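See structure below.
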Amino acid sequence: MRKLIPNIVILIVINLIAVTNILAADLNIDPTYLKLKIYKFAVSTSVFCTNPVTIFETDAPTYMDILQNPTFGSGQVADGTYNCVIIEFADIIKFLPNATSDSTHCNSSTEATLDVCRSGSSKMSDGTTTTCTVGEDRVAMYLSTTSATSGGGADAFTPPTTTNDATKGFLLGNALVVSGTGSGKFVVNGTDQICDTADGSCNGQDSTSCELMPPAFSFSKL
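Residues in the sequence shown are numbered from 2 upward in steps of one, following the numbering used here.
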């Protein structure tokens, strides 16, 4: 049985805390908005992301604030349990901190940009490989229930190759289960994920920038 998944929506779930001070700490800052250009959204029943099924694809995406519950596309997928998500997107993302950090490299009135794949390569969902550069590139991010981490030294742009893989892909909190008339919503949780790289525990490319750490990914049932 094939099921139409209407309005595949990528959301950020944020529990915003009222900010009473102009300055915030250098860690655990929430985003006011988070903008991505998404080319393709695909799923796979395999934890290793093989034989993916494309939900939607576009050749000309625009930046959209995923905090505003935008509809990126829709498509058909057979009943089953999908343990992997593949998102092809522009590797320059844009975000705005909801507070200014103590060290002021994160500013609540200044949009920050982040090139998430400046070097190395990314394996695309069709099996080809693209080179990451300093500038905008189309890359693929792999989220799997068998990937063991959502940050650190993990390579999000390569699918996992072993069970509980701590080096490839990011963790998908739970699988998408499609059955009968049910459907799921893809959720991205960015709470507390912005930090000022002046703090040594914030992993950035220098000590004078504003960084967005990898959010948590999961599905919720509609």
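All residues carry an ideal CB built from backbone N, CA and C; glycine is no exception. Keep in mind the model is a prediction, meaning the values are calculated, not measured.
Close-in-space but distant-in-sequence residues of the same chain around residue i (CB under 6 angstroms, 5 per side omitted)
i      : result
Ala157 : Met142 and Phe171
Leu144 : Val86, Phe171, Leu173 and Phe218
Ser210 : His106 and Thr198
Ala91  : Lys38 and Glu137
Phe96  : Pro32, Leu35, Ala113 and Leu213
Cβ pair residue i, residue j closer than 9 angstroms
i      : j      : result
Ser202 : Leu173 : no
Thr46  : Pro160 : no
Lys169 : Lys222 : no
Lys27  : Asp200 : Here residue 27 turns out to be Asp, not Lys, going by the sequence shown. Cβ distance < 9 angstroms, so Asp27 and Asp200 count as in contact.
Residue closest to residue i, alpha-carbon to alpha-carbon, out of the options
i      : options                         : result
Ser75  : Met125, Thr111 and Lys41        : Lys41
Phe265 : Asp166, Val179 and Val178       : Given a span of 2 to 223 for the chain in the structure shown, any question on residue 265 remains unanswerable.
Thr146 : Gly191, Leu177 and Val188       : Leu177
Glu112 : Gln206, Thr162 and Lys36        : Lys36
Ala79  : Thr33, Val117, Ser180 and Gln69 : Ser180
Val189 : Leu28, Thr55, Asp60 and Pro71   : Pro71
Heavy atom of the ligand FMN within 8 angstroms of residue i beta-carbon
i      : result
Lys169 : The ligand FMN is not among the ligands present in this structure, which contains no ligands whatsoever.
8 angstroms CB neighbourhood of residue i in its chain, flanking five on each side removed
i      : result
Met214 : Gly152, Gln194, Ile195, Cys196, Cys203 and Asn204
Phe57  : Ile9, Lys41, Phe42, Phe73, Gly74, Ser75 and Gly76
Cys118 : Asp92, Cys133, Asp138, Val140 and Phe158
Thr150 : Ala167, Phe171 and Leu172
Ala19  : Reliability fails at Ala19, whose pLDDT of 34 lies under 50, so the model's placement of it is uncertain and no value is given.
Thr130 : Ser122, Ser123 and Lys124
Residues near residue i by beta carbon distance below 7 angstroms, same chain, minus five either side
i      : result
Ser1   : Nothing in the structure corresponds to residue 1, since the chain is present only between 2 and 223.
Val135 : Asp116 and Arg119
Exercise. In chain order, which continuous runs of the beta strand (DSSP E) of length 3 or greater are located wholly inside the region 123 to 168?
Worked result: 130 to 132 and 139 to 145
Problem set entry | Runs of beta strand (DSSP E) wholly within the region 74 to 120 (minimum 3 residues, chain order) | Look at the region 74 to 120 and you find these whole runs of beta strand (DSSP E), each 3 residues long or longer: 81 to 83, 85 to 91, 93 to 98 and 113 to 116.
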